[in-house]
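Take a look at the structure below.
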Amino acid sequence: MSARLRLWVFLVGAAGFAALFAVACFGLPSFGSGYHPYGVRAVHAALGHHTANVIASVNFDLRAFDTLGEETILFAAVLGAVVLLRQTQDEHRTTPEPAVVHPRVRRFALLTLPLALLVGLYVIAHGQISPGGGFQGGVVAATALHLLYVAADYRALERVRPLALYEVGEAVGEAAYVVTGLAAVLAGSAFLANVLPFGTFATLSSGGTVPVLNAAVGLEVASGVVVLLARFLDQAVEIEEPGEGEEDAQDTGDTGNGDADDRDDADDGDDGDDGDDERERA
Amino acid sequence: MTVLPYLVAGWIFLIGVYGLVTSRDLIHAVGCLAVTQSSTYVLLLAVGYRHGGTAPVFADTPTDSRVVDPVVQALALTDIVVGATVTALLLALVVQLRKRHGTVDPDALSELKG
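Residue numbers (UniProt numbering), protein chains in the order written: chain G, 1 to 282; chain C, 1 to 114.
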């Protein structure tokens, strides 16, 4: 199909969609109106279970089973990305050169790192009483770790990031969610039902299973994002495209040439490896 | 005009699909898909908005205060998480495509390859 024809097909479809959507919009309750039957009931249910953050209550109590599915999508997507981005036979890995970082950037990133990590953990832990939760806090904690990449270089990041541990962490997060659900079954209730004592309203221990599930999701999201970013960074920094290694070595000039050749020889031995051993050695 | 937020959501959706249709670059197409998806956030939040409503978090507000609809906010959260991971998966696919076929132009990807 030519680009012009494709555009025309789109324009016809878009005009149809726009007309139908506009008609549908005029049939919706007007913006900002007070009638929210589901919202009112969700608020009522959340307060009944002593969960101050109603969104956390919806996600981890009322719709806990849906969230398990969502978490599984996340797990599967990370798994898929890891499989797609693995090192293949005809690619080889080069250790990135240490980069020069401006001292101010380094200082700022090193100062922000523990702070950002703490904020991430805080957001996970306070998911049931303040805006946030496992999903948001997990992403904050995982990206905080990567400030080390900004502050120093890739090798420093790899040192604080034993990737196998995070891969296990992701699986443990997913498993912990299912186990929490099964524990409710063992306690004589339904799968993922909120069976723990609800605790005092608006304290860290409130909400029954909500903080437990929050923590499980936080662990999985943080580990998953670290693994995901690691694979993409590997592609950008370490893994070279098939056949491009030699050209690159010539481009960098005389300093890089000898090193690249040495590494090629070393890599030939363990081509069939999955690459994990190599990373640990680096 | 009370339907404007809903119409904005539809407009963002159409802009995203337009980008997908005319895209000559798969990275750009993945970005357009993310834009298309973000229209659902706008629609969900517009549906859940209440005039004078505050965030549905009762840690330091009275329990009878007027709040926006928490159900659609939870749905938007789900949407964001799934969207982010699917985007990552698609970008991983594009990285491999670039390596195996040497191009990210969808029109140039007509041949089959084992």
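For each residue, glycine too, the CB sits at the ideal point set by N, CA and C.
Everything numeric in this text was worked out from a predicted model, so none of it was measured.
Own chain partners of residue i with C-beta closer than 8 angstroms, once the 5 adjacent residues on each side are dropped
i       : result
C/Val35 : Ile12, Ile15, Gly16 and Gly19
C/Thr87 : Val30, Leu33 and Ala34
C/Ile41 : The question names Ile, but residue 41 of chain C in the sequence shown is Tyr. Ala76, Asp79 and Ile80.
Chain-ordered neighbours of residue i on chain C, where CB pairs are closer than 8 angstroms
i        : result
G/Ser130 : Val57 and Ala59
G/Leu84  : Leu89, Ala92, Leu93, Val95 and Gln96
Inter-residue Cα distance where the pair is residue i and residue j
i        : j        : result
G/Glu240 : G/Glu91  : 6 angstroms
G/Leu228 : G/Val83  : 11 angstroms
C/Leu44  : G/Phe201 : 29 angstroms
G/Leu186 : C/Gln73  : 32 angstroms
G/Thr252 : C/Ala108 : Only weak support exists for where G/Thr252 lies, its pLDDT of 43 falling under 50; the coordinates are left without a value.
G/Ala64  : G/Ala171 : 18 angstroms
G/Ala184 : G/Leu196 : 9 angstroms
G/Val23  : G/Ala15  : 12 angstroms
C/Thr63  : G/Val40  : 12 angstroms
Residues near residue i by beta carbon distance below 6 angstroms, same chain, minus five either side
i        : result
C/Leu90  : Val30
G/Val150 : Ala109
G/Gly137 : Gly120, Val123, Ile124 and Gly218
C/Pro70  : Pro56
G/Pro96  : Tyr154 and Val237
C/Gln37  : Gly83
Buried or exposed (CB count within 10 angstroms, at least 16 for buried), residue i
i                      : result
G/Asp234               : buried
G/Ser205               : exposed
G/Gln89                : exposed
residue 165 of chain C : An answer regarding residue 165 of chain C cannot be provided, because it is not within the stretch 1 to 114 covered by chain C.
G/Arg93                : buried
G/His126               : buried
G/Phe135               : buried
G/Ser2                 : exposed
G/Phe26                : exposed
C/Ser65                : exposed
G/Val139               : buried
G/Ala142               : buried
Close-in-space but distant-in-sequence residues of the same chain around residue i (CB under 7 angstroms, 5 per side omitted)
i        : result
G/Asn194 : His49, Asp61, Gly208 and Thr209
G/Phe54  : Residue identity check: residue 54 of chain G is Val in the sequence provided, not Phe. Excluding sequence neighbours, G/Val54 sits near Ala42, Val43 and Ala46.
G/Ala144 : Leu113, Ala116, Leu117 and Gly120
G/Pro29  : Tyr35
G/Leu157 : His146, Leu148 and Tyr149
G/Gly169 : Leu219 and Ser223
G/Glu71  : Glu174, Tyr177, Val217 and Glu220
Closer than 7 angstroms at the beta carbon, the chain C residues around residue i
i        : result
G/Val58  : Pro70, Val71 and Ala74
G/Gly173 : Within chain C, no residue comes near G/Gly173; the closest Cβ sits about 13 angstroms away, beyond 7 angstroms.
G/Ile73  : Val82 and Thr85
Reduced DSSP category for residue i - H, G, I as helix; E, B as strand; rest coil
i        : result
G/Gly269 : Low local confidence applies: a pLDDT of 41 at G/Gly269 is under 50, so the model's placement there is unreliable, with the coordinate-based value given in what follows. Three-state result, G/Gly269: helix.
C/Arg98  : helix
C/Glu111 : coil
G/Asn194 : coil
G/Gly32  : strand
G/His49  : coil
C/Val57  : strand
C/Val67  : strand
G/His92  : strand
G/Glu247 : Residue placement at G/Glu247 is flagged as unreliable, the pLDDT there being 45, under the threshold of 50; a coordinate-derived value is accordingly withheld.
G/Glu240 : strand
G/Arg86  : coil
Within chain G, the residues that residue i reaches when beta carbons sit closer than 8 angstroms
i       : result
C/Val30 : Chain G residues near C/Val30: none, gap ~13 angstroms exceeds 8 angstroms.
C/Gly48 : His36 and Gly39
Interface residues of chain G facing residue i [CB-CB closer than 9 angstroms]
i       : result
C/Tyr6  : Phe21, Ala22, Ala24, Cys25, Phe26, Leu28 and Phe31
C/Gln37 : None at all; the shortest Cβ gap to chain G is about 14 angstroms.
Under 7 angstroms by beta carbon: chain G residues contacting residue i
i       : result
C/Tyr41 : Simply none; closest approach about 14 angstroms.
C/His51 : Gly32
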